[in-house]
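J.:
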Amino acid sequence: MTIVLMSDPSVAAIPVEECGEPLVDVRQCGELLADTRRSDPAGAFAHLRKGVRDRLLDAQRRPPDGLRLLIVEGYRPPDLQQTYFERYSAQLRAANPDWTQQDVRVAASRSVSPPEIAPHSAGSAVDLTLVDRTGKELDMGTAMNANPEESENACYTGAANISASARANRTTLSIALSEAGLINYVTEWWHWSHGDRYWALRANRPAALYGPAEMP
């Protein structure tokens, strides 16, 4: 499988036909679990476009009994996305002083999307995992948001260097979310989206449904 990164020009070339769907707080529906590790005063982390929220509700019904989705981060304000991207880029630049600016941009996009096309800032992407009936997170092979360097690429959804149980858990998550219409970013097992430019490219759609969004 050829990996298309967020930095690929083909992603930025996808037009956006904004549908105007609002950001909604996933905690208000009462059916989805939201973790607090990425919480912020405005509660942005728990917001997603309504259509994405509805697909997560659908996906929630698909895993085996006792397993539930745990949402860690949804909407990410553009300035925070910029901060994440610049921070990771600086780390890569320091570790690889011979890299060009484009080298750094491409490598950074494996873990943090370039701000101008970021699915999180459109409210269309969600970082999530699975928990059991007690609320304990399942073994997914790496910590969420582990980058390729620290995980030896085990953060890639299809990575071979993880345990059989972690692979099975990733498969369970992938089936539930794929069947509900979400697309995975293959360098991050936890990142799924619907309606953004990357989704449109992978789903062979002519345009994205969601562009940059603002909190209500």
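Everything in the sequence shown is counted per our numbering, starting at 5 for the first residue and increasing by one.
By construction, the Cβ of each residue, glycine as well, lies at the ideal position given by its N, Cα and C atoms.
On a predicted model such as this, the values are computed, not experimentally measured, just so you know.
Per the DSSP calculation, Thr133 is bridged to which residue(s)?
T.: Bridge partners of Thr133: Leu74.
J.: When the Cα atoms are used, what is the spatial distance from Ala184 to Leu73?
T.: 13 Å
J.: Ile179: buried (16+ other C-beta within 10 angstroms of its C-beta) or exposed?
T.: exposed
J.: Considering Arg42, what are the terminal residues of the alpha helix (DSSP H) in which it resides?
T.: Neither: Arg42 is in no alpha helix (DSSP H) and is coded neither H nor E.
J.: Pro119 to Asp200, Cα distance in whole Å?
T.: 13 Å
J.: Excluding the five sequence neighbours on either side, which residues of its own chain have a C-beta within less than 7 Å of the C-beta of Ile18, listed in chain order?
T.: Result list for Ile18: Arg201, Ala204, Leu205, Ala211 and Ala212, in chain order.
J.: Could you give the C-beta distance for Val76 and Asp131, rounded to a whole number, given that I count them as a contact under 8 Å?
T.: 5 Å
J.: With DSSP as the reference, label Leu37 as helix, strand or coil.
T.: Looking at Leu37 - three-state DSSP - the assignment turns out to be strand.
J.: In this structure, what does DSSP give as the bridge partners for Val28?
T.: Beta-bridge annotation (DSSP): Val28 is paired with Leu52.
J.: Around the C-beta of Gln85, are 16 or more other C-beta atoms found within 10 angstroms, so that it is buried, or is it exposed?
T.: Taking all protein chains shown into account, Gln85 has 16 or more neighbouring C-beta atoms within 10 Å of its C-beta and is therefore buried.
J.: Considering only residues of the same chain and omitting the five flanking positions on each side of Arg66, which have a CB-CB separation below 8 Å?
T.: Same-chain partners within the cutoff: Ile179, Ala180, Glu183 and Ala184.
J.: Could you tell me which residues DSSP pairs with His198 in its beta bridges?
T.: Looking at the DSSP assignment, His198 forms no beta bridge with any residue, so it has no partner.
J.: Can you give me the C-alpha to C-alpha distance between Ala50 and Ser43, rounded to a whole angstrom?
T.: 8 Å
J.: Helix, strand or coil: how does DSSP classify Leu207 here?
T.: Note on identity: in this sequence residue 207 is Ala, with Leu being the wrong assignment. Three-state DSSP puts Ala207 in coil, outside helix and strand.
J.: Grab me the residues of Leu134's own chain with a C-beta within less than 8 Å of its C-beta, minus the 5 sequence neighbours each way, in chain order.
T.: Pro67, Leu71, Arg72, Leu73, Leu74, Glu141, Leu142, Met144, Asn173, Thr176 and Leu177
J.: Would you mind working out which of Glu218, Met219 and Asn208 sits nearest Val15, comparing C-alpha positions?
T.: Asn208
J.: Under 6 Å Cβ to Cβ from Ile7, same chain only, skipping five residues before and after it: list those, please.
T.: Val190
J.: Compute the Euclidean distance between the alpha carbons of Gly162 and Trp193, then round it to the nearest angstrom.
T.: 8 Å
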